[in-house]
Amino acid sequence: MKTKFNGFLTLLLALVVQISFAQEKTISGTVSDASGGLPGVSVVIKETQKGTETDFDGKYTIKAKSGDVLVFRYLGYKTVEKTIGTTNTISVTLEEDASVLDEVVVTSYGSTAKRATTGSITTVKSEDIENVPTANFAEALQGKSTGLQSISSSGQPGSNSSVRIRGTASVNGNTEPLYIIDGIPVSSNSASDLGAGGLDAGNRDPLSNISSADIESVTILKDASSTSIYGARGANGIILITTKKGKQGKAKFSLSSQVGVSARAVELFEVLNASEYIELQRESQINAGIEPAVAVLNYPDSDDDTDWSEYAYRDWDAVTKNTNFSASGGNENVNYYLSLGHLSQEGIAVGSGLERLSSSLNLQANTSENSRVGMSFSYSKTEQQTALAESAYFASPILATYLFPPTDTPYLSDGTPNPVASVTSGTTFIKDNYYDTEGSVTDRLIGSVDIAVDIWNDFTLKSKFGLDKSFFNYKQYGSSLNDSNPSGGTADRAYQEVYNWTWTNTLTWSKTLNEDHNLNVLLGQEINKEGSDYFEVVVEDFPNGILQNVGSAATVTGHASSTGDSSLKSYFLNGNYNFQQKYYLNATIRRDASSRFGPDNKWGTFWSVGGNWNVSSEDFMKDLTWINSLKIKSSYGKQGNLPSNRYLWQGIFLNDTYNESPASYPSSTAANPELKWESQNSFNVGLEFSLFNNKLSGEVTYFSRETSDLLFPQTLEGSSGYTLRYVNAGGFTNKGAEIELNYDVLNIKDFNWSIGGNITFLKNKVNTLDEGTLGADGLYIREIGETWNTFYLREWAGVDVATGQAMWYDANGNITFNYTEGERVKSGNADPKFYGGVYTNFSYKNWELVANASYQYGNKIYNDTSRITNSDGAFAGFNQSRDQLDRWQKPGDISANPQRISGNSSNSNQASTRWLEDGSFVRLKNVSIGYNFSEAITKNTFLNGGKIYLQGTNLLTITDFNGDPEQSINGTHWFSYPNPKTISLGINLSF
Amino acid sequence: MKLKNIIYTSLLSFGLVFTACNDIELNPAQEDAVDIDNGIKDLNSATAAVNGMYDLLSRVDYYGREMMVIPEVASDNILVSPTNSGRFVSNYNYSIISTNGDVEGVWNNLYKNINAANTILNFADNGAISGATDAELDEIRGHAYAIRGMAHFDLVRTFAFPYSTTDASVASGADGNGGHLGVPLLNNYEQERYTSRATVAEVYAQVIADLTTAESLLPTTVYSYSSKFNVTAVKALLARVYLYKEDYTNAFNTAKEVTQDSQYSLTSNASYSSDWNGSVSSTEALLQLPAFSNDHNGFDSLGSIYVKDGDDGNGGYGDLIPTSDIKDLYSSTDVRADWFREVDGIEYNFKFPFGWTNDVPLIRISEMYLIMAEAAGNGAGSISEGQSALDAIKQRADVNASATTATGATLVQAALLERRKELAFEGHRLYDIVRNKESVIRTDLASPSTIATISYPDYRMIWPLPQSEIDANNSINENNTGY
């Protein structure tokens, strides 16, 4: 019906055109290859200067006369010529030209041929993401792209990954890349604050609401020429997520299912068992001057020997199930993709887990021959229970496992939790999990609509509106039966909405002149608004243990709310020119105004220029047949960065109460209306190559990001009435090199084997800092010319063999037994010298083996956990690491740890290089063995194809670090929720 | 015009309109806090801003705890308890340095309060407060002047030697008339940065001017719980300022005026004990900061530092206990001996028995009688009025106390002794010692302090300026002598 109507419309229009313009008529069609529509194909009328390019879906329209010859040309494909006859539709399928391979990359506001890119762009394909056994696909990016680090600091299902592209370039501004899904910027952990207000915000990454099965590709934009078009938000790089779309052809269905079990990827260390614990405790007490008989009374022999980790973790018992269904297809005017997914992931720590239901629908349609519409919609519902983070101390299984004495017992003989815990008078994770409930539900909608109209010969006007909105609903109930809760029970209820919407209008002009000069110009205008609205109520005193809703409680003990938003208004212009598809130029300018700055400095201007030279297209290269492609590229430009706080420049009144009446007073932070953008000048130069029949391909890049005007709090003299204000006073350089190599080792009939890897060398340096920021800062020193996170610690000199005392080096390099006389020295930094990943793909007939690993070298980690678990008796009642068994007992003992003294006041466990460890590691991120169904299997079934696979994630970690080295981006490790290792079995079917 | 052109022209103009409409607000109003320029607009918001100044007075870094406790612990009324967890030990040891957190906290919080007062005055003086009557405007401005005067006074008595100091060895420029350095004066909203230190004389002149202005603006009626300054409370503070300045005539006269306000009276012997049951009655209290079960400083409250188990059911630190030096001053028939209560073998100070929710008394009518006595001993007013003022306090507390016959210096000593007994733990002790150029003498001394005597003038009798001030203020390069 619809098709008929469309046909009628086409006919009518064609008639009109015929009447108005004599012989000239509009020809349209689709240019595709074996896998679907092909964007960026040049369509030129032979022997004229008239031409166009196909759009993202491979569609084109052009005005021509009967008898004209259309030339379809695209690099990597054989050129096709078609003579115009009576029909107005000419669709062609291009065949690959094996001699030249090229691919399309997604860019901001469009896509382009890879050979045309002037910047550093890495694409991660769906194959690398779709089978990830966790909620957050960002965890799969580690090791897959040069320049990118993705660190999961917690293994909690749904928790954040910290992503850094080419280093950390800000302290008080954003440090995470901008995430864009199908052209719509979305909330990520840096930009939003889901679950703010003390509810473990880091455990709820908005990215974990997105089903990885729906992702077609993830594109990482790293340099000026690819990020400057996002101006004020481009400085930390951009991650473009393209979701799956339908393609012309008959409907395709796919069903995938995966089930896996997880355990702790790394066991931090072993703790003392009961007899060891008792032995060390008695010894420590005796060393502290307590009579041996009293020490035995204090720590009597015990029949109990509790391994707390059995109660805190469910190694190999935590089950993950993931099922996804999709349907896609289309005809020449409409295509569709829809999906439904279900993920349930049990956390490896008790009391944690996530269940997600996700659905999506993408539609695109040609509404006439010169207009198109599209929409995308996704909805997900994520239910989450979180194990309390280490910051909750003994209520957290993560921390309690290591510190509860083995002589304590979790439960009484009647099966109820033991109300007594020897190291805490507060609650314990055993009690919390037994009596109390906690959980959140997050509903998230991401959707967009767009319309494109070809308004004039080569002009296309496009408008797109997109929205990302999350509804976060948190409930916690503390039963009155738990003696740690108030006697009438307590409940906490929080509700939050987070939104981010964007409206973009663009006008593009594409023109080919003389077949040699190709020009493409994009003019755009955009507005964006994001914000969050939150409230929370805490109550006590329920009439009974059944009612748990906050309205049923007698007393409101707390209420809170917070609301904030920010907006951006932008204009941008991007131009691309190439000559004979050999020499490419790209220039961008963008103006952004942000509400996050004061009236004096709202607007910022950002720009970039880039170029490349496809050397291999030159005639003089033709004889060098071993070079398949060779490209030199470079770019330079300026981007901006926003402060993470929305109202940093403002001076405000704070609210409180006095004498039961409202009270307000000016905050201690002074306004700074001159506050402006953090800005970054980045330079990039690189070489892309493909050699020896495309067997060896790769890319070598040098980059330098110079950030300036970094935001820092500046101390004001108290006598001004204020104590600080934010100023632009700091600059960093992050520079380095990236190398990526891929090699097809074997490529014969049944065997295929390829290997590859990438490496990024990175160096951070502080160029300028406000005077007040310079100097020692906690564990670090902030110094011009040094790396920002340079450790500054007293140097540990070991244990005195004669006395068992702790020793440090003083200012003169001599041994001192007095901690305060120990001299602080620069002792390494938290940034790796280099990092990257390696992979291998092997296939034989229908079997395939895929493995990849990530690695990092040369960074230091301050192990704050060890400070507690190797306390030499300072934390007297806590259980300790078995490392403490290697302690000094009598003169002559050579030991790693000093004499244990109960209540040790020697400062031996205070901050020093004793806790500084090498953070280098290699981690086998993923290994998978799969079998693709042969035709013999699918032949007489409804199936088109299928695959069954066994996969292991994080199976092996090689490191000297006592803990999980992947968990600390700033170089400090403190009891964190372990990352999981997972073994899963999966099946993918298509029909 | 051809059809195509019509279509395209309309599409293009549609596009332009579309784009032109696509605009967005870039000056957002916060919903959780008000911009400084919009914070004071009407009577409601101005009243909230006035309350805000008193809320800042209640902070731990001001009268909420530090300014009440430190003058006691850094003199002879307080010992650190055997179970002390480290709080106030450096004050007790006289080992305060310029990077001490309390030094910076008190300094910053007092100036923050002065800034709050200047902000109110700025908007009130510029006619920004709509819908307020002249009387209401006067009241708002009166509070701002009173708070500004109080904070400057508290700064100058904490960070500089007294007005009449002549010892240039500890206070360069000291000439007996406040010629040495005091503290920076913050008198204007958005005052230019880097204010240098005014002399003590200049600070006192400003304090007296501000309090006098406040006196002319504030109402006479008493606020609930005496929670804010009225005319009489400002006069009382002014009497205290004159006493510190050794302007005894004004001190005597002003204190006497306060005692003549019929809204206030000395609490009787019979009611005295119950007046220390969490809140002083508003006839005795001239200014008091009330605390409530949902509005207090928690473990950092005044009561919590003295008692382990508060009478309000809230636990505390019990880190500081009274010296036998002070306890021995009270006779067995003195009603004030009720303040000391033994728990588990240790005698604690229960003058503020509510752990978290004890109101904090800042100025009491009793102090005015003591000012009259001390001023009379120094030659102001009449001796007999001074003697009977002293007896009013002595005999109220202890019915067996004999009538005062002393005159001159002996009367001053008697007044100071009674002052120590009556105003114990209310944040007066160190100042009273120093302004009378006496020495701190401790006979009941606890580990870890070994300092039994601090002889006047000792640089440790006042605080250093915070290092952050010296680092950030281009006009101040040196700290107080000795630091």
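If you're matching them up, the sequences are chains U and W in order. In this text, residue positions in the first sequence follow the working numbering: the first is 1, and each later residue adds one. In this text, residue positions in the second sequence follow the working numbering: the first is 1, and each later residue adds one. C-beta atoms are modelled at their ideal positions from N, C-alpha and C, and glycine is treated no differently.
- Residue 36 of chain W reaches chain U at 651, 652, 653, 666 and 671, counting residues in chain order whose Cβ is nearer than 7 angstroms.
- Residue contact with chain W for residue 644 of chain U: absent (no Cβ-Cβ distance below 8 angstroms to any residue of chain W).
- Along the region 288 to 336 of chain W, the alpha helix (DSSP H) occurs as fully enclosed runs of 4 or more residues at 302 to 306 and 324 to 327, listed in sequence order.
- For residue 235 of chain U, there are no neighbours in chain W by C-beta distance under 7 angstroms, as the nearest C-beta there is about 20 angstroms away.
- With a cutoff of 8 angstroms on beta-carbon distance, residue 734 of chain U and residue 169 of chain U are scored as near each other.
- Within its own chain, the residues whose Cβ lies closer than 6 angstroms to the Cβ of residue 398 of chain W, once the five positions on either side in sequence are excluded, are 331, 333 and 334, listed in chain order.
- One finds 26 and 27 in chain W with Cβ atoms closer than 9 angstroms to the Cβ of residue 602 of chain U, taken in chain order.
- Residues 782 and 783 of the same chain have their beta carbon placed closer than 7 angstroms to that of residue 774 of chain U, with the five preceding and five following residues left out of the count.
- Sorting W/294, W/468, W/420 and W/418 by C-alpha distance to the C-alpha of residue 658 of chain U places W/294 at the top.
- For residue 475 of chain U, the closest alpha carbon among the candidates U/494, U/399, U/465 and U/460 is that of U/494.
- Between residue 672 of chain U and residue 727 of chain U, the gap from beta carbon to beta carbon is short of 8 angstroms.
- Contact of residue 290 of chain W with chain U by beta-carbon distance below 7 angstroms involves 659.
- When W/364, W/323, W/308 and W/289 are compared, the shortest CA-CA separation from residue 317 of chain W is found for W/308.
- DSSP links residue 159 of chain U through a beta bridge to no other residue.
- Residues 426, 427 and 431 of the same chain have their beta carbon placed closer than 7 angstroms to that of residue 484 of chain U, with the five preceding and five following residues left out of the count.
- Going by beta carbons, residue 230 of chain U and residue 238 of chain U fall inside the 8 angstroms limit.
- Within chain W, no residue has its CB atom less than 9 angstroms from the CB of residue 381 of chain U, the nearest being about 28 angstroms off.
- Short of 6 angstroms from the beta carbon of residue 738 of chain U, and not among the five residues preceding or following it, lie these beta carbons of its own chain, in chain order: 146, 147, 701 and 760.
- For residue 915 of chain U, there is no enclosing alpha helix (DSSP H), as DSSP marks it with neither H nor E.
- The distance from the Cβ of residue 77 of chain W to that of residue 340 of chain W is about 12 angstroms, inconsistent with a contact at the 8 angstroms cut-off.
- The C-alpha of residue 210 of chain U is placed about 36 angstroms away from the C-alpha of residue 730 of chain U.
- Where residue 988 of chain U is concerned, the enclosing beta strand (DSSP E) starts and stops at 980 to 990.
- The beta-bridge partner set that DSSP reports for residue 185 of chain U consists of U/180.
- In this structure, the beta-carbon distance from residue 589 of chain U to residue 607 of chain U falls below 8 angstroms.
- The beta carbon of residue 66 of chain W lies closer than 8 angstroms to those of 60, 102, 105 and 106 in the same chain, with the five residues before and after it left out.
- Runs of the alpha helix (DSSP H) spanning 4 or more residues and lying entirely within the region 858 to 930 of chain U occur at 864 to 869, in chain order.
- Collapsing the DSSP output to three states places residue 504 of chain U in a strand.
- Residue 180 of chain W sits in coil when the DSSP states are folded into three classes, being neither helix nor strand.
- For the beta strand (DSSP E) assignment, the uninterrupted runs of no fewer than 3 residues enclosed by the region 731 to 811 of chain U are, from N- to C-terminal side, 751 to 769, 775 to 777, 780 to 782, 790 to 794, 796 to 799 and 806 to 809.
- In this structure, residue 242 of chain W keeps its C-beta atom at 8 angstroms or more from the C-beta atom of residue 233 of chain W.
- Restricting attention to U/856, U/954 and U/719, the CA atom closest to the CA of residue 473 of chain W is found in U/719.
- Bounds of any alpha helix (DSSP H) do not take in residue 650 of chain U, whose DSSP letter is neither H nor E.
- Looking at the backbone, the Cα of residue 803 of chain U and that of residue 909 of chain U are separated by about 17 angstroms.
- Think of a sphere of 7 angstroms around the beta carbon of residue 389 of chain W: no beta carbon from chain U falls inside it, the nearest being about 31 angstroms out.
- For residue 123 of chain W, the enclosing alpha helix (DSSP H) has its first and last residue at 101 to 125.
- Assigned with DSSP and collapsed to three states, residue 39 of chain W falls in coil, not helix or strand.
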